[in-house]
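Engineer: Pasting in a structure now, in structure tokens, and then I'll have a few things to ask.
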Amino acid sequence: MADVLNPEQIESTPLNTELETPTLEAAADHVDSSIETTPNPETSSPVPVQAVAAEQVESNEDLDFASMEDFAAALESFDREQAAEAAAQAFDDTNIVTGTVINITDKHVVVDVGMKSEGLIPVEQVLDHTGQPKLKAGDTVEVVIEREEAEGGYVLSYEKALRHRVWDSIEKAANEKTPVTGTVLGRVKGGLTVDIGIKAFLPGSQLEIRPVRNLDAYIGQPIEVRVIKLNKKRGNVVVSRKEILEEEQTARRSTTLEHLEEGSILTGTVKNLTDYGAFVDLGGIDGLLHITDMSWGRLTHPRDLVNVGDEIQVKVLKFDKDKQRVSLGFKQLTPDPWLDAVERYPIGARVRGRVLSVTDYGSFVELEQGIEGLVHVSEMTWSKRMKHPSKLVKPGDEVETVVLSVNPSDRRISLGMKQLQENPWEHLSARYPMGTNVEGRVRNLTDFGAFIEIEDGIDGLVHVSNLSWTKRVKHPSEVLKKGEKVKAVVLGVEPENRRLSLGIKQLQPDVWDTFFEQHRVGDVVHGKVLRTAQFGAFVEIAEGVEGLCHISEATEGDGSPVKLEQGQEHDFKIIKMSPEEKKVGLSLRAVGEEASRADVEAYKAPVSSSTTTLGDLMNWKREQ
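Sequential numbering from 230 applies to the sequence shown in our numbering.
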């Protein structure tokens, strides 16, 4: 049957020439029946019948010989049509017919298979992995005739013809479990299609040992696979690449385990990267290279040091034979740079480095591979106006620094940048001695005072107690505003602590000094009760000057207690003064005793010629 379907292998069957090609005898009979002997008026003897027949036959033979080549071609075409029609009528998909590609459209490949109508191959059957047809017009192609369409033409299968040609070899590869090489054509639901002579299905789970997310990366790639399932009746073939890889991995693992031990140095390939490290294929067995064992310095991600596919040398740090877990190290192949960091980075040395990162509290500077130091924000500039380190440096900058301290055990180096500049605090005492009047702008207000900038990088503090002689200021905002220009007096300078004390009330005379100059112990002063406490009352005896009248001193001359209320005004006698502590002790009782003593003295005095009487003295006392 196969010979019938293949026109190249079919011997032409002779047609019935008795019906189609007239012989010389037939021609003669035809002449005898249609031609009669006619007397020639010019001759007395008739023309022989044989002569006439011979002449007619000679004419017919000339026509036959002229069209012999066309006849042979027509006969060959007829034979092909007969064979193709026989195959089409049989529709046996095991019969392979050879045809010629006539044209390629968007949906079909038009093929001449020698039949009344052309055959059509679905174009998707002849596409390569790039989506382009593998055939072109004029190519010879083997196909299987599947059916005849009602509207004319035949449906052909290119894949079935291929399947018949290569099925035996595929079946043999499946039985012997030998690998076959194919090309990934494209992606389908659940996996890939692979051209191994015919289209085979490669499930995504059978592509690699580990799950693969991006199947598209394999399209167009040649790969080795193993046939794991086939169905000849349906023409289904399923292949696996995972089986081959697992066998190779098992073989490599056996070899690797023979040489694997803690402390050994091996060469591996980076297979995968995670946030916490890299997995390295040592040859059939994977080891974890943790990010902390990659570099003596700090890494933000393993990709900063290695990439997938890199071949690197690693040291085996730990090997668990039971669980077959391997811990690897990369930095252990080089000496720890911190071992001699003290000798290489002495305190005060100037060193250059690259800024790795910038944080709110400073910047990290890499001095060499594995050695990085911190420039704290307070060591960046002498000025206190800098809000964030990013205002001065950014990652990648090359900076010069000064080594401030080295701590190898904690793997820390403190660096400074402001030490490369002149310290404005060193000569501040000479420029601003105590008592100097200065002018500046209020930069900040706090609960305990106000910071006034007198020059770039130099701020002085005016404590809340130094804002006014007379007012009891609870918050600086009661007296000052941020950004306001004010004058102050230098009260003290501490260059080593970078402190400058200022005062505003000192611009005016001290009311306490004035009070102590004008009053002595024993003086009677008039005062107003400002506030009371369990132990006594605070009395304002001059503007900005307060004295304390203890509860034991708040009595009449006869010893009866006097309740002092806020807002009351009385005469008080100064019984104690402390200029150093700016304290004044007052007594209401002493004033009463003094008045009683005056009354007694006046009573004992001899009567004079004056008009003063005892009644006058009593009236005077009431007025007092």
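All residues carry an ideal CB built from backbone N, CA and C; glycine is no exception.
1. Within the same chain, show all residues whose beta-carbon is closer than 8 Å to that of Asp565, passing over the 5 residues directly before and after it, in chain order.
2. Check for me: the alpha helix (DSSP H) holding Arg173 runs from which residue to which?
3. Here's the rule: buried if 16 or more other CB atoms are within 10 angstroms of the residue's CB, otherwise exposed. What is Val593?
4. Is Phe472 near Ile448, with beta carbons less than 8 Å apart?
5. Taking only three categories from DSSP, how would you classify His488?
6. Whole angstroms is fine: what's the gap from Ser861's alpha carbon to Val740's?
7. What number of angstroms, rounded off, separates the C-alpha of Thr359 from the C-alpha of His337?
8. By how many angstroms is the C-alpha of Ile494 removed from the C-alpha of Leu474?
9. Out of Arg470, Asn443, Glu437, which one is the CA nearest neighbour of Glu453?
10. Using the three-state DSSP reduction, which class does Phe745 fall into: helix, strand or coil?
11. Under the rule that 16 or more other beta-carbon atoms within 10 Å means buried, what is Ile331, buried or exposed?
12. If we ignore side chains and look at the alpha-carbon of each, how far apart do Glu290 and Gly464 end up?
13. Based on Cα-Cα distance, which residue from Pro451, Leu486, Glu707, Val467 lies nearest to Asp551?
14. In terms of residue numbering, what span does the beta strand (DSSP E) encompassing Lys716 cover?
15. Please check the pair Gly678 and Val691, which I expect to be a contact at CB under 8 Å, by giving their CB distance rounded to whole angstroms.
16. Assuming Leu633 and Gly645 form a contact by the criterion Cβ under 8 Å, report the distance between their Cβ atoms to the nearest whole angstrom.
17. What's the gap between the Cα of Ala577 and the Cα of Gly538?
18. Looking at C-alpha atoms only, which residue of Pro451, Ile438, Gln435, Thr369 is the closest neighbour of Asp180?
19. Using beta-carbon positions only, say whether Ile733 and Asn695 come within less than 8 Å of one another.
20. Measuring alpha carbon to alpha carbon, tell me which of Thr675, Trp698, Arg701 ends up nearest Gly689.
21. How about Gly513 and Thr563: do their beta carbons lie closer than 8 Å?
22. Give a yes or no on whether the minimum CB-CB distance between Gly367 and chain C is below 8 Å.
23. Roughly how many whole angstroms lie between the Cα atoms of Lys500 and Asp510?
24. Please confirm whether Glu595 and Glu601 have their CB atoms less than 8 Å apart.
25. Nearest-angstrom Cα distance between Val718 and Pro662?
26. Does DSSP put Asp739 in a helix, in a strand, or in coil?
27. By the 10 Å Cβ neighbour count, where 16 or more other Cβ atoms means buried, how is Val753 classified, buried or exposed?
28. Between which two residues does the beta strand (DSSP E) harbouring Glu601 extend?
29. Measuring straight from C-alpha to C-alpha, what distance separates Met806 and Glu822?
30. Restricting to Cα atoms, I'd like to know which of Leu364, Ser643, Leu649 is closest to Val604.
31. Could you tell me the boundaries of the alpha helix (DSSP H) in which Asp397 lies?
32. Could you tell me the distance, in whole angstroms, from the CA atom of Gly175 to the CA atom of Gly625?
33. Tell me the rounded alpha-carbon separation between Lys711 and Gly664.
34. Which two residues bound the contiguous beta strand (DSSP E) that contains Ser807?
35. Could you tell me the distance, in whole angstroms, from the CA atom of Ala366 to the CA atom of Leu385?
36. Which of helix, strand or coil does DSSP assign to Ser483?
Structural biologist: The short version:
1. Mapped onto the sequence shown, residue 565 falls at position 336. Taking Asp565 as the centre and dropping the five residues before and after it, the same chain places the C-beta of Trp525, Gly599 closer than 8 Å to its C-beta, in chain order.
2. It is not possible to answer for residue 173, since the shown part of the chain is limited to 230 through 853.
3. Residue numbering aside, residue 593 sits at position 364 when the sequence shown is read from its first letter. For clarity, residue 593 is Phe in the given sequence; the question names Val instead. Per the 10 Å Cβ criterion, buried.
4. As a working mapping, residue 472 is identified with position 243 in the sequence shown. As a working mapping, residue 448 is identified with position 219 in the sequence shown. Note that residue 472 corresponds to Glu in the displayed sequence, not to Phe. For Glu472 and Ile448, no; Cβs fall outside 8 Å.
5. Counting from one through the sequence shown, the residue named residue 488 turns up at place 259. The answer is helix: DSSP assigns His488 an H, G or I state.
6. The chain is shown only over 230 to 853; residue 861 falls outside these bounds and no answer can be derived.
7. Numbered from 1 along the sequence shown, position 130 holds the residue referred to as residue 359. Numbered from 1 along the sequence shown, position 108 holds the residue referred to as residue 337. One C-alpha to the other measures close to 17 Å.
8. Residue 474 sits at position 245 when you count from the first residue of the sequence shown. Residue 494 sits at position 265 when you count from the first residue of the sequence shown. Their Cα atoms are separated by approximately 25 Å.
9. By one-based count along the sequence shown, residue 453 stands at place 224. Looking at the Cα atoms, Arg470 is the closest of the given residues.
10. One-based indexing of the sequence shown puts residue 745 at position 516. Three-state DSSP puts Phe745 in a helix.
11. Reading the sequence shown from its first residue, position 102 is the one you call residue 331. So Ile331 counts as exposed.
12. Within the sequence shown, numbered from 1, the residue matching residue 290 stands at position 61. Within the sequence shown, numbered from 1, the residue matching residue 464 stands at position 235. Residue placement at Glu290 is poorly supported in this model, since its pLDDT is 44, which falls under 50; the coordinates are not used for a value here.
13. Along the sequence shown, one-based indexing puts residue 551 at 322. Checking every option, the nearest Cα to that of Asp551 belongs to Leu486.
14. Position 487 of the sequence shown holds residue 716. Run containing Lys716: 714-723, per the beta strand (DSSP E) assignment.
15. Along the sequence shown, one-based indexing puts residue 678 at 449. Along the sequence shown, one-based indexing puts residue 691 at 462. With a Cβ gap of about 5 Å, Gly678 and Val691 count as contacting.
16. Residue numbering aside, residue 633 sits at position 404 when the sequence shown is read from its first letter. Residue numbering aside, residue 645 sits at position 416 when the sequence shown is read from its first letter. Between Leu633 and Gly645, the beta carbon gap of about 5 Å places them in contact (Cβ cut-off 8 Å).
17. Here residue 577 refers to the residue found at position 348 of the sequence shown. Here residue 538 refers to the residue found at position 309 of the sequence shown. Looking at the sequence shown, residue 577 is not Ala but Gly. Between Gly577 and Gly538, the C-alpha separation is close to 44 Å.
18. Lying outside 230 to 853, the shown extent of the chain, residue 180 is not represented and no answer is given.
19. Numbered from 1 along the sequence shown, position 504 holds the residue referred to as residue 733. Numbered from 1 along the sequence shown, position 466 holds the residue referred to as residue 695. Yes, Cβ-Cβ distance for Ile733 and Asn695 is below 8 Å.
20. The residue given as residue 689 occupies position 460 in the sequence shown. Out of Thr675, Trp698, Arg701, Thr675 has the C-alpha closest to the C-alpha of Gly689.
21. Residue 513 sits at position 284 when you count from the first residue of the sequence shown. Residue 563 sits at position 334 when you count from the first residue of the sequence shown. Going by C-beta atoms, Gly513 is not nearer than 8 Å to Thr563.
22. Looking at the structure shown, chain C is missing, and only one protein chain is on hand.
23. Here residue 500 refers to the residue found at position 271 when the sequence shown is read from its first residue. Here residue 510 refers to the residue found at position 281 when the sequence shown is read from its first residue. Distance between the alpha carbons of Lys500 and Asp510: 6 Å.
24. Numbered from its first residue, the sequence shown carries residue 595 at position 366. Numbered from its first residue, the sequence shown carries residue 601 at position 372. Result yes, Cβ atoms of Glu595 and Glu601 sit closer than 8 Å.
25. Here residue 718 refers to the residue found at position 489 of the sequence shown. Here residue 662 refers to the residue found at position 433 of the sequence shown. The alpha-carbon atoms of Val718 and Pro662 are separated by roughly 10 Å.
26. Within the sequence shown, residue 739 is the residue found at index 510, counting from 1. Taken through DSSP and simplified to helix, strand or coil, Asp739 comes out as coil.
27. Within the sequence shown, numbered from 1, the residue matching residue 753 stands at position 524. So Val753 counts as exposed.
28. By 1-based counting over the sequence shown, the position of residue 601 is 372. Residues 600-605.
29. Residue mapping note: residue 806 aligns to position 577 of the sequence shown, counting from 1. Residue mapping note: residue 822 aligns to position 593 of the sequence shown, counting from 1. Those two C-alpha atoms are separated by around 20 Å.
30. By one-based count along the sequence shown, residue 604 stands at place 375. With distances taken between Cα atoms, Val604 lies closest to Ser643.
31. By one-based count along the sequence shown, residue 397 stands at place 168. That run of the alpha helix (DSSP H) goes 387-405.
32. The first residue shown for the chain is 230 and the last is 853, placing residue 175 beyond what the model contains.
33. On the sequence shown, residue 711 is found 482 positions in, with the first residue counted as 1. On the sequence shown, residue 664 is found 435 positions in, with the first residue counted as 1. Rounded to whole angstroms, Lys711 to Gly664 spans 24 Å at the Cα level.
34. Mapped onto the sequence shown, residue 807 falls at position 578. Residues 798-807.
35. Numbered from 1 along the sequence shown, position 137 holds the residue referred to as residue 366. Numbered from 1 along the sequence shown, position 156 holds the residue referred to as residue 385. If I take the Cα positions, the gap works out to 16 Å.
36. As a working mapping, residue 483 is identified with position 254 in the sequence shown. Helix at Ser483.
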